[in-house]
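Report on the structure given below.
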Amino acid sequence: MSKPKAFVNVKKKDVVKELVELIEKYPIVGIVDMENLPAPQLQKMKRNLQGKVLVRMAKGRLIKIALEKSKKEGIKALIEKVRGMPALIFTEDNPFTLYKTLKASKSSAPAKAGQTAPTDVLIPEGKTPFAPGPIIGELGQLGIKSGVEDGKVAVKEAKIVVKEGEKFNSKVAEILTRLNIFPMEVGLNIVAVFEDGTIFDRKTLDIDTDAYLSDLQRLHNEAMNLAVKVGYACKDTIKVLIRKAYSDASALADSQDILTNENVGKILAKAEAQANVLKKKVKI
489 MSKPKAFVNV
499 KKKDVVKELV
509 ELIEKYPIVG
519 IVDMENLPAP
529 QLQKMKRNLQ
539 GKVLVRMAKG
549 RLIKIALEKS
559 KKEGIKALIE
569 KVRGMPALIF
579 TEDNPFTLYK
589 TLKASKSSAP
599 AKAGQTAPTD
609 VLIPEGKTPF
619 APGPIIGELG
629 QLGIKSGVED
639 GKVAVKEAKI
649 VVKEGEKFNS
659 KVAEILTRLN
669 IFPMEVGLNI
679 VAVFEDGTIF
689 DRKTLDIDTD
699 AYLSDLQRLH
709 NEAMNLAVKV
719 GYACKDTIKV
729 LIRKAYSDAS
739 ALADSQDILT
749 NENVGKILAK
759 AEAQANVLKK
769 KVKI
């Protein structure tokens, strides 16, 4: 007797089919991790990104199946990037623009016990909104020096209470929230992005575009200066080199009194001035 065929949920098949079609349609495909992203913020982000980025949530297993089924060359390398609470994102922007768009759409959120600090978390020096009371002792438990100024508790010396990569404990998380310090970022966290057979990870995409453009401009200027200095002719330097050659030739002609169509008037005026000086000297 033959074994019964395994039941395949039609809805799951439809999800995989849609994901495959989107993977084939869009030139840019990314994996994001939505862990710790509250539903209201997710819906707000999806509205803000509408028309720029398409987000499709699915179980990790279904996403991996869709990536496996895709015929797009190199896309299967994204399979190993699926983690946490994954989703696929699709866009026609380049990966760096996509990363910048998603980063700009993030918002600050309070820390919760057990979460990992994304950066060093600092309680700054200055007055707090609290009246004198138990808060002074609570700050002291965290090693924070405080006192009273104008009827309010004030932090006397800034202090890092959690270092990057460390976990928040419940007391630190509570104090930070009460001080309106929200160190967490809520948003779609890019894990990796695929474009034309290449996988870009988050660290590669996280660049300062202003600094990058400034560096490119500086390097361009340095290369132009070097090319002009050594007389290297190309389409970018030829006009500058011609102007420089003309300027050098004109200066040489003027200094050696070589007559040209451009300097004949100048040299004749110079000769006349010299003649007048000589005339005065010899009293002609």
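According to the working numbering, the sequence shown holds residues 489 to 772 in order.
The C-beta atom is built at its ideal place from N, Cα and C for all residues, glycine as well.
Cα-Cα, which of the options is closest to residue i?
{"i": "residue 535", "options": "571, 732, 635 and 590", "result": "590"}
{"i": "residue 618", "options": "705, 769 and 668", "result": "668"}
{"i": "residue 652", "options": "609, 662, 615 and 750", "result": "609"}
{"i": "residue 578", "options": "499, 705, 513 and 770", "result": "513"}
{"i": "residue 674", "options": "761, 600, 685 and 504", "result": "600"}
{"i": "residue 584", "options": "676, 731 and 696", "result": "696"}
{"i": "residue 616", "options": "636, 574 and 682", "result": "636"}
{"i": "residue 586", "options": "664, 657 and 543", "result": "543"}
{"i": "residue 557", "options": "520, 511 and 570", "result": "511"}
{"i": "residue 663", "options": "612, 569 and 706", "result": "612"}
{"i": "residue 659", "options": "682, 625 and 691", "result": "625"}
{"i": "residue 718", "options": "546, 705 and 732", "result": "732"}
{"i": "residue 691", "options": "714, 501, 761 and 588", "result": "588"}
Which residues mark the beginning and the end of the beta strand (DSSP E) in which residue i is found?
{"i": "residue 576", "result": "574-579"}
{"i": "residue 642", "result": "640-643"}
{"i": "residue 635", "result": "634-637"}
{"i": "residue 611", "result": "609-611"}
Roughly how many angstroms lie between the CA atoms of residue i and residue j, to the nearest whole one?
{"i": "residue 736", "j": "residue 767", "result": "33 angstroms"}
{"i": "residue 494", "j": "residue 684", "result": "With a pLDDT of 49 at residue 494, under the threshold of 50, the predicted position of this residue should be treated as unreliable, though the coordinate-derived value follows. Looking at the two C-alpha atoms, the distance is approximately 36 angstroms."}
{"i": "residue 741", "j": "residue 753", "result": "13 angstroms"}
{"i": "residue 661", "j": "residue 505", "result": "43 angstroms"}
{"i": "residue 763", "j": "residue 756", "result": "10 angstroms"}
{"i": "residue 525", "j": "residue 533", "result": "10 angstroms"}
{"i": "residue 759", "j": "residue 703", "result": "51 angstroms"}
{"i": "residue 750", "j": "residue 743", "result": "14 angstroms"}
{"i": "residue 632", "j": "residue 701", "result": "41 angstroms"}
{"i": "residue 566", "j": "residue 657", "result": "34 angstroms"}
{"i": "residue 720", "j": "residue 727", "result": "12 angstroms"}
{"i": "residue 640", "j": "residue 694", "result": "40 angstroms"}
{"i": "residue 490", "j": "residue 545", "result": "Bear in mind that a pLDDT of 48 at residue 490, under 50, signals an unreliable position, so the number given afterwards is only what the model happens to contain. Near 37 angstroms, if we compare the C-alpha coordinates of residue 545 and residue 490."}
Write down the C-beta distance between residue i and residue j rounded to the nearest angstrom, noting that I regard them as a contact closer than 8 angstroms.
{"i": "residue 642", "j": "residue 634", "result": "6 angstroms"}
{"i": "residue 518", "j": "residue 678", "result": "6 angstroms"}
{"i": "residue 602", "j": "residue 523", "result": "That pair is no contact at about 12 angstroms."}
{"i": "residue 515", "j": "residue 561", "result": "Incorrect: roughly 13 angstroms between the Cβ atoms, too far for contact."}
{"i": "residue 551", "j": "residue 576", "result": "6 angstroms"}
{"i": "residue 598", "j": "residue 665", "result": "4 angstroms"}
{"i": "residue 680", "j": "residue 688", "result": "7 angstroms"}
{"i": "residue 698", "j": "residue 712", "result": "Wrong, their Cβ atoms sit about 21 angstroms apart, outside the cutoff."}
{"i": "residue 644", "j": "residue 604", "result": "Wrong, their Cβ atoms sit about 29 angstroms apart, outside the cutoff."}
{"i": "residue 574", "j": "residue 502", "result": "About 18 angstroms separates the two Cβ atoms, so there is no contact after all."}
Starting from residue i, trace the alpha helix (DSSP H) both ways and give me its first and last residue.
{"i": "residue 525", "result": "Residue 525 -> no alpha helix (DSSP H), and no H or E assigned at all."}
{"i": "residue 766", "result": "752-769"}
{"i": "residue 690", "result": "690-693"}
{"i": "residue 504", "result": "498-513"}
{"i": "residue 682", "result": "Careful: residue 682 lies outside any alpha helix (DSSP H), inside the beta strand (DSSP E) at 677-683."}
{"i": "residue 561", "result": "Note, residue 561: premise wrong, no alpha helix (DSSP H); not H, not E."}
Could you pull out every residue in the same chain whose Cβ sits closer than 8 angstroms to the Cβ of residue i, ignoring the five residues on either side in sequence?
{"i": "residue 595", "result": "529, 673, 674 and 675"}
{"i": "residue 593", "result": "533, 536, 537, 675 and 676"}
{"i": "residue 771", "result": "none"}
Between residue i and the rest of its own chain, which residues show a CB-CB distance below 7 angstroms, the 5 nearest in sequence each way excluded?
{"i": "residue 748", "result": "741"}
By Cβ distance, which residues of its chain are closer than 6 angstroms to residue i, with the 5 residues on each side in sequence left out?
{"i": "residue 630", "result": "649"}
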